[in-house]
């Protein structure tokens, strides 16, 4: 094991000969997986070591990473904006939190305001919240996460925390 430690969907990934091996954690998915190409975020981000909590979102790979003092503490799979809708790109801050927010714009199939449990507002009408993850970008612009990850992120994040959404984290744009 070397170099990278990722925590995604409740699983801890370790790089072993170019493959990722997952270890289960109590708050996440209960089955182990093995797959390649999961070197998305570094285990340590030196430029963020003076920041208590920082969130990075990679829209290309559909992942969100949480850092504490530059150290990677969790990576979650997400579903961001589908084609025809925009994601928030660039720097942002946590400006509001609500355990049971509802959309002021979008409706569900029955015409009710769309539920956004464990919601963290990051500006411009964009939220990070619990929602369906079909395996591809499918939201109207918000960042959707699985229930366990959304609850964890809601409890971990603080008002004023900084973050950045990248089209492609590896290119930092």
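Residue numbers (our numbering): 360 to 532. Here a beta-carbon is modelled for each residue, glycine too, at the ideal position from N, C-alpha and C.
Proximity of residue i and residue j at Cβ, strictly below 8 Å
| i | j | result |
| --- | --- | --- |
| residue 432 | residue 516 | no |
| residue 424 | residue 410 | no |
| residue 439 | residue 496 | yes |
| residue 465 | residue 478 | no |
| residue 513 | residue 458 | yes |
| residue 509 | residue 488 | yes |
| residue 430 | residue 403 | yes |
Start and end residues, beta strand (DSSP E) containing residue i
| i | result |
| --- | --- |
| residue 485 | 485–489 |
| residue 521 | 521–525 |
| residue 472 | 472–482 |
| residue 413 | 412–417 |
| residue 422 | 422–427 |
Assumed close pair residue i, residue j - CB separation to whole angstroms, cut-off 8 Å
| i | j | result |
| --- | --- | --- |
| residue 419 | residue 527 | 4 Å |
| residue 521 | residue 417 | Between residue 417 and residue 521 the Cβ distance is about 16 Å, and since that is not below 8 Å, they are no contact. |
Residue span of the alpha helix (DSSP H) that contains residue i, given as start and end
| i | result |
| --- | --- |
| residue 511 | 506–515 |
Alpha helix (DSSP H) runs wholly inside the stretch 430–454, at least 4 long, in chain order: Qualifying alpha helix (DSSP H) stretches: none in this window.
Touching by the beta-carbon criterion (3+ pairs, under 8 Å), the stretch 496–507 and the stretch 441–455: Cβ pair count under 8 Å is three or more, so yes.
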